Amino acid sequence: MRLTVRGTPRRVFVRRVGQGPTLLLLHGFPASSFEWAAIEPELARQHRVISFDFLGYGASAKPPGHRYSVFEQADLAEAIIAAYAPSKPTVIDYGAIVATELLARQPESGAALSRCIFLNAGLFADRYRPRIAQRASLVPVLGALLARVFTEKLFFRTWDAVFSTEHPLDRELAALHYRALRENDPGRDIQRKLLRYIPERAANGGALRRRAARHRRTPHILVGHARPGVGRRDRGGTAQPHTRGRSGRIPRRRALPTHRGPGSCRRRYPATKPELATHTVAWCGGWSTR
């Protein structure tokens, strides 16, 4: 479907399932909304679930020569809320950059939020540690050369490095995300362009977090401190600036969750993304927003 973002109509892939209170699921880098597919059926039993591909990802538009921005992606999320959310949504973001911007825009934004949930998030930009391949891709000439040799095999290796041994990256699913990323990408350098979020975050992250911290009417929650690249100093006290915030901790493991069903979330603290999402939604279900 087509949505207008910053005055320009864009093709955006949107999926809507279920009825009830609205959940808006935001995917991470370098994936697409498909990474939520395993959890959507369960969440849809009691919720209206909306997921979509950000610009440049999955089946959404990849405009030639486009300069991607976290702030534009937040504009897209607001357009999704305005078009498809009949009630104030709970936003669940894996990575938290876009959700932090949405929270920082409250209450002036026309897209009011019920709750904001950050999964495996590093909110302190100065403590984020990009991986070597990401840093190399941001160097203009070197990045362009790397984009030419960025094969499916290399994509798998770089992404698999942040998955745990307990929950390794599934090759078939990685291949699906790789093909979705490469679809309609004639320049074959979309991943390098999307990495612009790293310097953009470094330049704006501190101010963005402070703006978000000042807004205290929307409850927000941080779950998971074991994300590779975040840095040890970012694993404690993250919720303190937010008087309506909560913080949770996942077991010590290098675990970026894979695409698994909710399974054991009823028996132990969740370790995979679907389990974590299910647990988190249940955890904040009775959380007052007044």
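Residue 150 in full-length UniProt numbering sits at position 150 of the sequence shown, with consecutive numbering throughout.
Think of the CB as a built atom: it goes at the ideal place given N, C-alpha and C, for glycine as much as any other residue.
These numbers were taken from a predicted model, which means no experiment stands behind them.
- For residue 9, three-class secondary structure by DSSP: strand
- Item | Neighbourhood of residue 31 by C-beta, 7 Å cutoff - its chain only, sequence neighbours within 5 removed | 177
- Query: Grouping DSSP H, G and I as helix and E and B as strand, with all else coil, what is residue 51?
  - Reply: strand
- Query: Hey, is the stretch 7-20 in contact with the stretch 47-58, meaning 3+ C-beta pairs nearer than 8 Å?
  - Reply: yes
- Query: Can a CB atom of chain C be found closer than 8 Å to the CB of residue 167?
  - Reply: Although the question refers to chain C, the structure presented lacks it and comprises just one protein chain.
- Task: Evaluate residue 35 with the Cβ neighbour count: other Cβ atoms within 10 Å of its Cβ, from every protein chain shown; 16 or more gives buried, anything less gives exposed.
- Result: buried
- Skipping 5 residues on each side, what residues in its chain have a beta carbon closer than 8 Å to that of residue 72? 5, 6, 55
- Taking the CB atoms as reference points, tell me whether residue 193 and residue 68 lie closer together than 8 Å. yes
- Item | Rounded C-alpha distance that separates residue 29 from residue 182 | 14 Å
- Message: Suppose you measure from the CA of residue 100 to the CA of residue 111; what does that come to, to the nearest Å?
- Response: 14 Å
- Hey, quick one: how far does the alpha helix (DSSP H) through residue 141 stretch, first residue to last? 140-148
- Query: Would residue 27 pass as a contact of residue 94 if the rule is Cβ separation under 8 Å?
  - Reply: yes
- Could you check how far apart the C-beta atoms of residue 98 and residue 74 are, in whole angstroms? I think they sit under 8 Å. 5 Å
- Sequence-distant residues of the same chain with beta carbon closer than 6 Å to residue 22, five excluded per side: 48, 85, 87, 89
- Message: Would residue 170 and residue 62 qualify as a contact pair, given that the criterion is a beta-carbon distance under 8 Å?
- Response: no
- Anyone know if the C-beta pair for residue 91 and residue 119 falls short of 8 Å? no
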